[in-house]
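Residue numbers for the sequence shown follow my numbering, so the first one is 289 and each next one is one higher.
Structure record follows, encoded as structure tokens.
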Amino acid sequence: MCDDEQAEGEFATAPEPDAPFMFVAFGDSRSNARAHRAVVERIRREVPDFLLGTGDYVNEGSSLAEWQEFFDIERELLAENVLFPALGNHDRQGRGRTADNYRMYFAVPENAPNPERYYAFTYGNSRFLVLDSNAYSFALTDQTAWIEQQLQAAQLDRRIRHVFVVMHHPPFSVSIHGGHSQLRDAWTPLFERYGVDAVFSGHDHNYQRAERGGVRYFVTGGGGAPLYPRSRRAAAIDRDAVRYMERVNHYLRVHVIGDHVEVAAFRADGTLIETVSWGAMPERRDALLAFAAGAGRANGAEPALRARPAAAVRRAAAAGGEGSFGWLGRIGALLALGAGAIVVRTVRS
289 MCDDEQAEGE
299 FATAPEPDAP
309 FMFVAFGDSR
319 SNARAHRAVV
329 ERIRREVPDF
339 LLGTGDYVNE
349 GSSLAEWQEF
359 FDIERELLAE
369 NVLFPALGNH
379 DRQGRGRTAD
389 NYRMYFAVPE
399 NAPNPERYYA
409 FTYGNSRFLV
419 LDSNAYSFAL
429 TDQTAWIEQQ
439 LQAAQLDRRI
449 RHVFVVMHHP
459 PFSVSIHGGH
469 SQLRDAWTPL
479 FERYGVDAVF
489 SGHDHNYQRA
499 ERGGVRYFVT
509 GGGGAPLYPR
519 SRRAAAIDRD
529 AVRYMERVNH
539 YLRVHVIGDH
549 VEVAAFRADG
559 TLIETVSWGA
569 MPERRDALLA
579 FAAGAGRANG
589 AEPALRARPA
599 AAVRRAAAAG
609 GEGSFGWLGR
619 IGALLALGAG
629 AIVVRTVRS
């Protein structure tokens, strides 16, 4: 971008704890630009409050050209939304596997012993743990101990009704890579003990839904990488856990309304794969109706900040409140976690 060029974008900060919200989870966008673009264009129509990335945004993490392609494809989506990324194995490819470019491009909350590898944030009534599941990470006591501390704190916080976990490698999978046994042994007992709602992963390039010990596990690795089939050698523990699998480019749309959570998986052409929900729907139907009224899909409307599903965000947008900050080539994840819902305008020069 030239020195005299500017690009503007908008996103909204987190709503009040009781406000409904919606986010999109997807990952493994590397390799196939056309498929990646198709998924991104469909996600834009959803007008989510924020995005969760399950890793492997590029094929070779040391390649600046690949990162440039990633941001070229996601430019308009990221101008309207904040992305909370998990680190994939391909994102750290290259000399030393230090993930230098990943660290350079993404700004995340620094609230863990090893900043930028893993972190946590609260949005509405939910706590999100974004973990580093790469080979050097999951056996380390610092991350495992930190996970338990976070889960204990969430359990004691009356404002938190849901806990979601994001990491690249899936604990359960019937595809090429399979579920990661070392990670599964170290972390899934904690997920079960503290009642984690759902775990979102990638790594295997398809859609899968699994359940074990009351925890739901979603593989969402259909963002553009070469699609993987079901493995004929899947382990028994993976076969028992996985309820559904489809080899398809896709994304997940997640609604959170009080105690109620709905996960809908959509193909890149917009057709529904399946919907899974749990938790009681709020008695007050007006909250749900207000939520639906702002959905990006309504009447084929183009994405706009005022159409964001969270009612608090729509009110803030209508009031015209906005702030600004220098883009600095990074994603504004930190600003998106401010108390209350405000509109933030980003400017890159």
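Every residue, glycine too, gets a C-beta built ideally from N, C-alpha and C.
Beyond the five residues adjoining it in sequence on each side, S317 comes within less than 6 Å, by CB distance, of H324, Y345, G511, G512 in the same chain, given in chain order. Residues of the same chain with their beta carbon placed closer than 7 Å to that of A441 are lacking, with the five preceding and five following residues left out of the count.
In the DSSP annotation of this structure, S350 is not part of any beta strand (DSSP E), being labelled neither H nor E. Its chain contains R415 as the residues whose beta carbon lies nearer than 8 Å to that of D445, once the 5 sequence neighbours on both sides are disregarded; these appear in chain order. By the CB criterion at 7 Å, L365 and R332 fall inside the cutoff. Distances from the alpha-carbon of A556 to those of V328, A321, A300, E304 put V328 closest. Within a 10 Å sphere around the beta-carbon of M310 sit 16 or more other beta-carbons, which makes this residue buried. Y390 sits buried, since 16 or more C-beta atoms from the chains shown fall within 10 Å of its C-beta. In its chain, beyond the 5 residues on either side, Y505, A529, R531 have a beta carbon closer than 8 Å to the beta carbon of E499. The DSSP-derived three-state label of M533 is strand. Around the C-beta of D547, fewer than 16 other C-beta atoms lie within 10 Å, and the residue is accordingly described as exposed. In the structure shown, H324 falls within a helical segment according to DSSP collapsed to helix, strand and coil. For L478, the enclosing alpha helix (DSSP H) begins and ends at 469-481. For M392, the enclosing alpha helix (DSSP H) starts and ends at 388-393. Counted as a single uninterrupted DSSP element, the beta strand (DSSP E) harbouring Q496 occupies residues 495-500. In this structure, the alpha-carbon of Q496 lies about 25 Å from that of E348. Counting C-beta atoms within 10 angstroms of its own C-beta, P308 has 16 or more neighbours from the protein chains shown and is therefore classed as buried. G341: member of the beta strand (DSSP E) spanning 338-341, first to last residue. By the 16-neighbour rule on beta-carbons within 10 angstroms, M392 is exposed.
Apart from the 5 residues on each side of it in sequence, H457 sits with its Cβ closer than 7 Å to the Cβ of S421, H468, L471, S489, H491 in its chain, given in chain order. Around H465, the same chain offers H491, D492 as residues with beta carbons nearer than 6 Å, after the five sequence neighbours per side are excluded. Taking a C-beta distance under 7 Å as the contact criterion, V503 and E480 qualify as a contact pair. Assignment of A513 by DSSP, reduced to helix, strand and coil, places it in the coil class. About 6 Å separates the beta carbon of F338 from that of N369, a gap short enough to meet the 8 Å contact definition. Per DSSP, the beta bridge partners of L540 are A313, A553. Within the same chain, Cβ atoms closer than 7 Å to the Cβ of D526 are found at F460, S461, V462, G466, G467, the five residues on either side in sequence being excluded. Collapsing the DSSP output to three states places I448 in coil.
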